Amino acid sequence: MTSPSRRTLLGATASLCAISAGCLGDRLGSESDGNGDGNGSPDTDETGTETDDGSDDSTDSSGNETDGSSETDDGSDDTPTELVDHETHAYRYPKRSTSPDVALLQNRDRAQEWLAEREPTPEEIADVIDDTDFETSILVPIEAGAPNPCHELVLESIEIDDGDGDDTLALEAAVQEQESTGEEAAACIAQETTVGRLVRATFEPEPLTRISASVVDRHGKVHGMGMASGSASASESASSSHDQTESDT
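Residue numbers are given in full-length UniProt numbering: position 248 of the sequence shown equals residue 248, and the series is strictly consecutive.
So, in structure tokens, the structure goes:
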């Protein structure tokens, strides 16, 4: 048998090395294709989606994307209205009143109109109107007839009533005879007059726009009245549901 020459052995060895190098290159190229090209380009996740910022973005149970933030802001303001203060001022004017009355004064112009219809009235009432901040307060005058100047209208209670789902300022008042002796009693001659009580109610965060009043007149009859306005900034006078009378018999 003839032995291969040295030239033949060298050629075979070179061919084997070339084949091995080619196989190794193919393998390395396959491994790099699935994990980026080595030049800083974005990686891909197992679904083929690029993930290049390492953020905490995820999806919720409904499949919607979330940004990892737990803050929620629906813009709602559920702060309940509170009656933070109230004060009352008695007044009277020489006019016969056949039934109790109530008004809702939500701005200065309407209050001045109301005052002009009741001349003469004490200067104190005009000062109350001038000093009222109608951004936070409303004025509620309650009136009823009286047989003489020795009677007055007394506010018996004031509170916020939310029984029907809408906050309402509920007031109860009654005509009462003032205690008087000596010269004061002698001055209580029969003279029809109207006695009233001006209530200033202050609220947070904003004034109520609905009121209801229950007034016991000088004969002991109960009169229920209600008033409402479309909004706290309404300039027109409120609509009225008036004189639902119950007799105490």
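Yeah, the Cβ is synthetic: ideal placement off N, Cα and C, and Gly gets one too. If you're wondering where the values come from, they're calculated on a predicted model, not measured in any experiment.
Quick check on this structure: which residue in the options has the alpha carbon closest to the alpha carbon of residue i?
i	options	result
residue 99	106, 207, 163, 196	196
residue 166	227, 186, 223	227
residue 156	79, 174, 219, 183	174
residue 103	202, 136, 130, 140	140
residue 107	130, 194, 149, 217	130
Short check: CB of residue i to CB of residue j, under 9 Å?
i	j	result
residue 138	residue 153	no
residue 198	residue 84	no
residue 160	residue 82	yes
residue 144	residue 192	no
residue 207	residue 134	yes
residue 124	residue 151	no
residue 209	residue 229	yes
residue 132	residue 111	yes
So, with DSSP's three-state summary, where would you put residue i?
i	result
residue 74	The pLDDT assigned to residue 74 is 49, lower than 50, so where the model puts this residue is not dependable; a value taken from the coordinates is nonetheless given after this. Residue 74: coil per DSSP, three-state reduction.
residue 90	strand
residue 126	helix
residue 164	coil
residue 116	helix
residue 109	helix
residue 69	A caution first: residue 69 carries a pLDDT of 48, below 50, which makes its placement in the model too unreliable to give a value.
residue 85	strand
residue 101	strand
* Taking one C-beta from the region 162 to 179 and one from the region 208 to 216 each time, how about it: are there three or more such pairs within less than 8 Å? -> Yes, the region 162 to 179 touches the region 208 to 216.
* Stretch-stretch touch, CB-based, cutoff 8 Å, three pairs: the region 116 to 125 with the region 89 to 103 -> With the cut-off at 8 Å, the region 116 to 125 and the region 89 to 103 touch.
* Taking only runs that begin and end inside the region 157 to 212, name each unbroken alpha helix (DSSP H) of 4 or more residues, in chain order. => 183 to 186
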